[in-house]
Structure formats: C-alpha cells, structure tokens
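*Asks:* Start counting the sequence shown at 1; every next residue gets the next number (full-length UniProt numbering). Okay, here's the structure, questions in a sec.
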Amino acid sequence: MRSDQVQPAGPAEEVLDPGATAVAHPNIALIKYWGKRDERLMIPYVDSLSMTLDVFPTTTTVRLRPTARADSVTLDGSPARGEARQRVVAFLDLVRQIAGRTEPAVVDTRNRVPTGAGLASSASGFAALALAGAAAYGLDLDPTALSRLARRGSVSAARSVFGGFAICHAGPGTGEAADLGSYAEPVPVADFDPALVIALVDAGPKAVSSRAAMRRTVETSPLYRSWATSSKADLSGMRAALRRGDLDAVGEIAERNALGMHATMLAARPAVRYLSPATVAVLDSVLRLRADGVPAYATMDAGPNVKVLCHRADAARVAGTVRDAAPGCAVVTARRGPGARLRTGAEQ
C-alpha cells in the first residue's frame, strides 16, 4: 500500500480495544527556537520558552486494530492524506518501536485551531497524539519522556505536554545524546497570568510550511546565526522577567525575539515573508496602544497572525483596537492553559 493511501476504518466492531483519548492545547513561544540542527530527531538549534493557552484544544483518540493492514487516520472527520497522514504514521511507528508492538491503529483527531496557519496546531496535535498513543500501546512514560516523545512529532509539542510556561531544551551534542537531552519542563511562575489576544488575520494554511521555511532560513539567511546567539540572552532575560512577574519586560523581550526571527526569514534567499498588510496594521496598532499608555506587546510565529501580550484588565481594549486595525479578522483572548491530559472513561 502506498503511503498516501488511506485504509478504511472498517466496521466499528473490528476495533478491539477502547483506546485512549487525550486533550492538549497549543502554546505560543515567547522565545522561539526556529531551526533544527537534526531534522530526523527534531532537535532544535536553541532553547525555547512558551505559554500554553486555554483555547484551541486538540482531542485525539488512538485505538488499536490488530486485524487492519495499515493505520487509519482521520482529521476533523475526513481521511488524512499526503504529508499530514505520513507524519502521523511515522510517529505511530516510533511509538510502536518503543513499545515493542506492531498493531495498526485507528486515529481520530479533532482540532479547534486552524491547521498550518502559524497557530501551533502541530504543538497541540502531537502532544495529544503522543499521550494517547503512548497510553494505547501500553507505555508508562514520565512527563520528561512524554515530552521527549512529543518532540519527535513537533518540537513545539514538547512544550504543550505542560501547562502554563515551559522551556524546551535544545540538548547537547548529536545523535542519542541530543535526543536524551532535548525535552521540555515547566517553568515555575507565581502569580503571573497575562492575557494573550490573538488576531486571526488569515486562518488559512501558509504558502510556505514552517519546516521548509526553517530549512531555508538556516541554510541561506546571513542573519540567522546572530539571531540564534541573541536568543540565548533573550531566554535568560525572559526567565528573570517571568520570575518577577514583569509584563513589560516579558513583552519587550518576546516582541524583539519574534521580530528578529521574522527578520532572519526576510533575509533568506529567497525571502520567506509571512507578514501581510493586515499583519502590519495590527503591529502598528500595538505600537499605538503603548503610546497611549497600555502595556501591549506583539509576538508572531510562522504565519501572518499576531498575538498580543497584555494585562488581563486591558484585554478588551486591546482586542477592540486590533479588531479595528484589521477589519474582518477574528480576535480570540487566551490565558494560561493546562497541560496535556488523558480523558477518563466518563468523558469518552
């Protein structure tokens, strides 16, 4: 069977086990990692730090089906095809290898976040798949091992294993040493619960995937090495600002780190440009908010959508301002969210 063919799920009675269902939320990196030094093992060049959100959950169920000839994968009710299916099957192969199992699986994923739009759908998606897949195949993984497994699907998924703020370590060396050393862990932050206003200026898939854009940036951008070096200092400053609960410092560091990342992409050969006119309008509105005395700071991932960090008390004003700046865009306000969890039998 070719990798892009979809094996029908078959009659429901052929599914021999109840499986496992996991829920995970996306995270937004305040310090980005952008670029992998090992694409096979999904090892990032630099550490990253993020905030898990309380919106846009992914719910994934994995059931084993020993009688099937291949895995069955559905995404939002439709058969997954092409690269989307291949990534899930490759990840299941890894889980099976670790578990010493061979049974094909039936995977059903429901996303509340647009896929491929720079809104961390891969983070919530692979965090949920890692947790549900590990449970379905009988793996008992501690949070570090689960995070390391999720990273093999998507680096950002390592952070969505945890709620609140999390850091993903790039890890030392290469090969097995790097694999063991690259994982996420929580960053304890007391009494810091900001709002993150998300301006969805374009929820469609990106013209250039994050993977392709990262590879092009690392290989061709003359600015990339300098940004990676400065990101280490940004990370140190961010951790100190979070300990203090200093939103202005957190926001300033996050904004410069994100804009610096986009600068490396614009300097790639050929350039990778995710910023749209609506993106720039929202970024300009954030500058106006600060000029008016409202602490508001922008961050962006690979895509045109803008996330604005602010105090919870200012969230409504920030949301209204960015909505006015980009008429027609959807605006969602998020806060700190939970880590990945398995659903209990009563929730199935």
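Beta carbons are placed, not taken as given, at the ideal position from N, Cα and C, and that holds for glycine.
Which runs of the beta strand (DSSP E), 3 residues or longer, sit entirely within the stretch 25–105?
*Replies:* 27–31, 36–38, 48–52, 58–64, 72–75
*Asks:* Suppose you measure from the CA of residue 97 to the CA of residue 134; what does that come to, to the nearest Å?
*Replies:* One C-alpha to the other measures close to 11 Å.
*Asks:* With respect to the alpha helix (DSSP H) encompassing residue 224, which residues constitute its N-terminal and C-terminal limits?
*Replies:* 224–244
*Asks:* Whose CA, out of 217, 318, 167, 43, lies closest to the CA of residue 274?
*Replies:* Comparing Cα positions, the closest option is 217.
*Asks:* Going by DSSP in three states, residue 17 sits in which element: helix, strand or coil?
*Replies:* coil
*Asks:* State the start and end residues of the unbroken beta strand (DSSP E) segment that holds residue 308.
*Replies:* 306–310
*Asks:* Contact between the stretch 252–268 and the stretch 296–316: three or more CB pairs below 8 Å?
*Replies:* yes
*Asks:* The alpha helix (DSSP H) with residue 126 in it runs from where to where?
*Replies:* 121–136
*Asks:* Going by other Cβ atoms of all chains shown within 10 Å of its Cβ, with 16 needed for buried, is residue 232 buried or exposed?
*Replies:* exposed
*Asks:* Residue 61 and residue 21 look like a contact to me (Cβ under 8 Å); what is the Cβ gap, rounded to whole Å?
*Replies:* In this structure residue 61 is in contact with residue 21, their Cβ atoms being roughly 4 Å apart against a cut-off of 8 Å.
*Asks:* On the DSSP letters alone, give me the boundaries of the beta strand (DSSP E) that residue 333 sits inside.
*Replies:* 330–334
*Asks:* Is the CB-CB distance between residue 23 and residue 340 below 8 Å?
*Replies:* yes
*Asks:* When the distance is taken between beta carbons, is residue 329 closer than 8 Å to residue 199?
*Replies:* Yes; because the gap between Cβ atoms is below 8 Å, this pair is in contact.
*Asks:* Using the C-alpha atoms, what's the distance from residue 222 back to residue 117?
*Replies:* Because residue 117 sits at a pLDDT of 49, beneath the cut-off of 50, its placement in the model cannot be relied upon, and the following sentence gives the value as read from the coordinates. Going from the Cα of residue 117 to the Cα of residue 222 covers about 26 Å.
*Asks:* My assumption, with CB atoms under 8 Å, is that residue 27 sits in contact with residue 76. Please give the rounded CB distance.
*Replies:* Incorrect: roughly 21 Å between the Cβ atoms, too far for contact.
*Asks:* Residue 253 and residue 265 - do their beta-carbons sit closer together than 8 Å?
*Replies:* no
*Asks:* Measure from the alpha carbon of residue 234 to the alpha carbon of each residue in 17, 30, 19, then state which is nearest.
*Replies:* 30
*Asks:* Among the residues of its own chain, which have a CB less than 7 Å from the CB of residue 248, if the five just before and after it don't count?
*Replies:* For residue 248, where only same-chain residues beyond five positions count, the Cβ hits under 7 Å are 295.
*Asks:* Tell me, to the nearest whole angstrom, how far the beta carbon of residue 196 is from that of residue 307; I am working on the premise that it is less than 8 Å.
*Replies:* 5 Å
*Asks:* Taking the beta carbon of residue 240 as the centre, do at least 16 other beta carbons fall within 10 Å, making it buried, or is it exposed?
*Replies:* exposed
*Asks:* Determine the closest residue to residue 302 out of 169, 35, 344, with distance taken between C-alpha atoms.
*Replies:* 35
*Asks:* Is residue 314 helix, strand or coil by DSSP?
*Replies:* helix
*Asks:* Report yes or no: do three or more beta-carbon pairs, one from the stretch 187–196 and one from the stretch 155–171, lie closer than 8 Å?
*Replies:* As far as the Cβ criterion goes, the stretch 187–196 touches the stretch 155–171, which means the pair count is three or higher.
*Asks:* Take every Cβ of the stretch 133–148, pair it with every Cβ of the stretch 36–47, and state whether three or more of those distances are shorter than 8 Å.
*Replies:* no
*Asks:* Please state the DSSP three-state secondary structure of residue 323.
*Replies:* helix
*Asks:* Just to confirm before moving on: does the CB-CB distance between residue 38 and residue 174 stay below 8 Å?
*Replies:* yes
*Asks:* Around the Cβ of residue 255, are there at least 16 other Cβ atoms within 10 angstroms (buried) or fewer (exposed)?
*Replies:* buried
*Asks:* If we ignore side chains and look at the alpha-carbon of each, how far apart do residue 178 and residue 152 end up?
*Replies:* 12 Å
*Asks:* Identify whether residue 282 lies in helix, strand or coil by the three-state DSSP scheme.
*Replies:* helix
*Asks:* Whole angstroms is fine: what's the gap from residue 246's alpha carbon to residue 286's?
*Replies:* 18 Å
*Asks:* Excluding five sequence neighbours on each side, which residues of the same chain lie with their C-beta closer than 6 Å to the C-beta of residue 124?
*Replies:* The residues are 24, 25, 26, 58, 160.
*Asks:* Select from 169, 230, 305 the residue whose C-alpha is nearest the C-alpha of residue 280.
*Replies:* 305
*Asks:* Who are the near neighbours of residue 202 in its chain, counting only those whose CB is closer than 6 Å to its CB and skipping five residues on each side?
*Replies:* 304
*Asks:* Can you give me the Cβ contacts of residue 113 inside the same chain, cut-off strictly under 6 Å, excluding the 5 residues immediately before and after it?
*Replies:* For residue 113, where only same-chain residues beyond five positions count, the Cβ hits under 6 Å are 26, 56, 119, 121.
*Asks:* My assumption, with CB atoms under 8 Å, is that residue 318 sits in contact with residue 310. Please give the rounded CB distance.
*Replies:* 5 Å
*Asks:* Can you give me the Cβ contacts of residue 136 inside the same chain, cut-off strictly under 7 Å, excluding the 5 residues immediately before and after it?
*Replies:* 19, 20, 62, 63, 64, 105
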